[in-house]
Each structure stands twice: as structure tokens, then as C-alpha cells.
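Heads up, the thing below is written out as C-alpha cells.
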Amino acid sequence: MVEALASAENEQPQPLQHAANCPPWLSASFEHVLRRHEQGNLPHALLFSGSPELGKRWFSENVVRVLLCKNLQTNTGTRACGECPSCVQLDVGSSSEFRYLQPAGKSLTIRIDPIRELVEWLQLSAGADRYRIALISGADTMNRAAANALLKTLEEPAARTLCILVADRPAQLPPTLISRCQQIPLTVEDEPAALAWLSSHLGSDDAKAALEQACGAPLRAVRQAHPDWQAQQATIDAAWWNLFLHKRSVGAIVESLKEVPLTVCLSRFITLCAVAVRHRQGAAEFSPLKSLSAEQNAAIERLNSVQWFTIHDDLLRLHRIDSASFKTQTVLEGFLADTRLKIKG
Ligand SMILES: [Zn+2]
Numbered sequence: 005m006v007e008a009l010a011s012a013e014n015e016q017p018q019p020l021q022h023a024a025n026c027p028p029w030l031s032a033s034f035e036h037v038l039r040r041h042e043q044g045n046l047p048h049a050l051l052f053s054g055s056p057e058l059g060k061r062w063f064s065e066n067v068v069r070v071l072l073c074k075n076l077q078t079n080t081g082t083r084a085c086g087e088c089p090s091c092v093q094l095d096v097g098s099s100s101e102f103r104y105l106q107p108a109g110k111s112l113t114i115r116i117d118p119i120r121e122l123v124e125w126l127q128l129s130a131g132a133d134r135y136r137i138a139l140i141s142g143a144d145t146m147n148r149a150a151a152n153a154l155l156k157t158l159e160e161p162a163a164r165t166l167c168i169l170v171a172d173r174p175a176q177l178p179p180t181l182i183s184r185c186q187q188i189p190l191t192v193e194d195e196p197a198a199l200a201w202l203s204s205h206l207g208s209d210d211a212k213a214a215l216e217q218a219c220g221a222p223l224r225a226v227r228q229a230h231p232d233w234q235a236q237q238a239t240i241d242a243a244w245w246n247l248f249l250h251k252r253s254v255g256a257i258v259e260s261l262k263e264v265p266l267t268v269c270l271s272r273f274i275t276l277c278a279v280a281v282r283h284r285q286g287a288a289e290f291s292p293l294k295s296l297s298a299e300q301n302a303a304i305e306r307l308n309s310v311q312w313f314t315i316h317d318d319l320l321r322l323h324r325i326d327s328a329s330f331k332t333q334t335v336l337e338g339f340l341a342d343t344r345l346k347i348k349g
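Take the sequence shown: its position 143, counting from 1, is numbered 147 in our numbering, and each next residue is one higher.
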């Protein structure tokens, strides 16, 4: 039955992705979860929430490892042995005790069919000594039907099952679903540990600046240090200034951004717009872009604060809508053309 379900999922088994230790900046929360498990009072559903790229999936994977390991190591903090059949199966993606779900498809959401399969699997009668864990990453992208399907199983959980929901924006989940979970908000609890980890990853001493620039999210700091990311940001910055300095047509600017995901582009535009707002309000010394050229400064001065706030609001609105349902080019063209009109007006 388990094998039949696995093949029905039409997906390759998912090996765990992250290192077999807890993110060092989240070790207090990790210990808290393990203690509850040891005391036998872990609920049937956990909700780990926290900002994007904090390491929530990494954290959750290690909760799974430890809960399923048959030979826990406790000499230097509790960790999975990495050698017992449970650990090995998790690492190669063949565990019959674990299922993983994440947003899929163009809209990057979790739909009802995979949730139904997961629920069915959770309800299979578990053997006396076997634990079943379902990990749902990006749980806040579940549509209503999917959330309702999951709710039923959380209301009447099978014995020895655990459902772990991971969400950047838990408020997007239906309150009925949240009320069935023990929510554990995650944050960087140990900044020195995060900085030490970051230093060893970046191989540089500016971990503190990198973490600040990544809004305190260690995994984002690593991603942002990558040359590909920096090149992409430079492309977006160039497009922004070409718009405000009238250097290229709207069509050419859109073309220059065709390889950049819309949400990445809008996020950076929002940051650049916030810089302009702060500049306009005379707080330039707090700007992350201290080295603005004279013509960039002049471009910011040409619009008043209200106009900058309007552009900022436009960007936030675009960023909030389900951009997957729009063509990137159409959204960008609309925004850039409107903004050009504002500049000229
Ligand atoms: Zn093990």
C-alpha cells in the first residue's frame, strides 16, 4: 500500500537536503522541541513560522531526523546517528516513515491532490513502534480546499503521527488550521552563532554587514553573496535608473529584465524606492546607497515625497497580487509606463 501510494505521487522520493545538524542560531528552539518529544508531550501538529530564508526547512528536517533515528547520539547535543536504517533511508529519500510536500506548479502553491495523498498516507495504520512524519514546507501557500482537507486529519490525528507545517506567513493559514497546531515562532536566537556560521561560509570577515543586508536571514546572506545574485541585482538597478534618468525606452528596459523573476525585480524596486523616499526626507545618511551620483540625486529630487510614496504603494500592490497569474512583461510594462508618466507630469 505504501509503495502504491508512493508511485501514485508521481514524484521522485525526496532525500533530506540539509546538513544533519540544527542551524546553530536555532538550537534553543531545537532543544525545546526535543525535550517535549522526550517527555512524550509533542502534539500531533507543529507549525514552525518565521521570516524567509531563516533556515526553517533545515531546522524541520533535523527535527524529523532526530524523531525518527533509532540510535540517537547525545554526547554533543542531541543528534541523529546518520547510520541506522531510518537515518540512511531519510538521506536517500526512501523512508517509509516520512513524506515531504512543497509548493509546486507555476503558481507555486500546494493543491488539494497532494494533500489528499498525504492525509491518506498519514492515516494508514502505523505499526506499534513506527512514527510517521509529514513535513509541509510553504504551508501558507495551500489553497482553501487543500487546507480544509488537511484540517480534517489534524482534528482526528492517527496515533503516532506528526504533521509539521512550515510557513513564512502563518497569518495566511486559516485560523481553524492554526488552532490545531502548536505554533513555534522561529527567529535568530543566537546572533553570534549565526555570524560564526556565516563567516565560515562566506570566507570573509564582513558577516555582520552581510547579515544586516539580508535583513537578518542567514541563508539569504549566503545567497546574496553569490556572483549570480549580485549580477542580477545590478541588472535590476540599471533598469531602475534607466527609467528615472530617461536613458532607455520602457520597451528596452522591460527587455533587459526578461531573465529576472518578477517577484525578485519588484522586491528590489521596492528597496530602491524606499531609498528614494528616505533620501527625499533628508535621511540620506541612512541610505544603503551612499554613493548616488549627482544625476541620480537629481532624479530623486525631481519627484516630491508624495509621488515617491505613490510609486512605493504601486510596487507593494503589484508585489502582493498573485503575479504568477500575470505575464511578467505585462506587469512591468504597465508599471514602468505609468511611472514614466508620473516623472514627466
Ligand atoms: Zn539514526
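Built from N, CA and C at the ideal position, the CB exists for glycine as well.
Strand pairing of residue i, partner residues [DSSP]
i	result
residue 136	165
residue 79	81
residue 267	Paired residue(s): none; residue 267 is not in a bridge.
residue 113	108
residue 100	Partner(s): none; residue 100 has no beta bridge.
residue 52	170 and 188
Contact set for residue i: own chain, Cβ-Cβ below 7 Å, skip 5 residues either direction
i	result
residue 165	48, 126, 130 and 136
residue 249	299 and 303
residue 86	24
residue 322	270, 335 and 339
residue 26	34, 63 and 66
residue 348	none
residue 149	116
Neighbourhood of residue i by C-beta distance below 8 Å, restricted to the same chain and skipping five residues each side
i	result
residue 314	346
residue 18	97 and 104
residue 155	178, 180, 181 and 184
residue 251	245
residue 188	33, 36, 37, 50, 51, 52 and 53
residue 274	316, 319, 320 and 323
residue 70	38, 41, 76, 82, 83 and 84
residue 242	260
residue 68	20, 94, 102, 137, 139 and 168
residue 331	none
residue 341	254
Own chain residues within Cβ distance below 6 Å of residue i, not counting five before or after
i	result
residue 225	202, 214, 215 and 218
residue 177	144
residue 99	93
residue 142	106 and 107
residue 276	244
residue 171	53, 143 and 144
residue 14	Interpretation of residue 14 is limited by its pLDDT of 41, a score under 50 that renders its predicted location unreliable; no figure is taken from the coordinates.
Beta-carbon proximity of residue i to residue j, cut-off 8 Å
i	j	result
residue 139	residue 104	yes
residue 223	residue 59	yes
residue 200	residue 56	no
residue 51	residue 169	yes
residue 312	residue 194	no
residue 95	residue 38	no
residue 119	residue 153	yes
residue 190	residue 33	yes
residue 147	residue 115	yes
residue 285	residue 309	yes
residue 72	residue 101	yes
residue 343	residue 270	no
residue 337	residue 254	yes
residue 64	residue 74	no
residue 236	residue 192	no
residue 83	residue 22	no
residue 258	residue 333	yes
Quiz item: Can you list, in chain order, the stretches of the beta strand (DSSP E) that have 3 or more residues and sit fully within the segment 178-227?
Solution: 186-189
Quiz item: For the segment 24-72, which segments carrying the alpha helix (DSSP H) assignment without a break, of at least 4 residues, lie completely within its bounds, in sequence order?
Solution: 31-42 and 60-72
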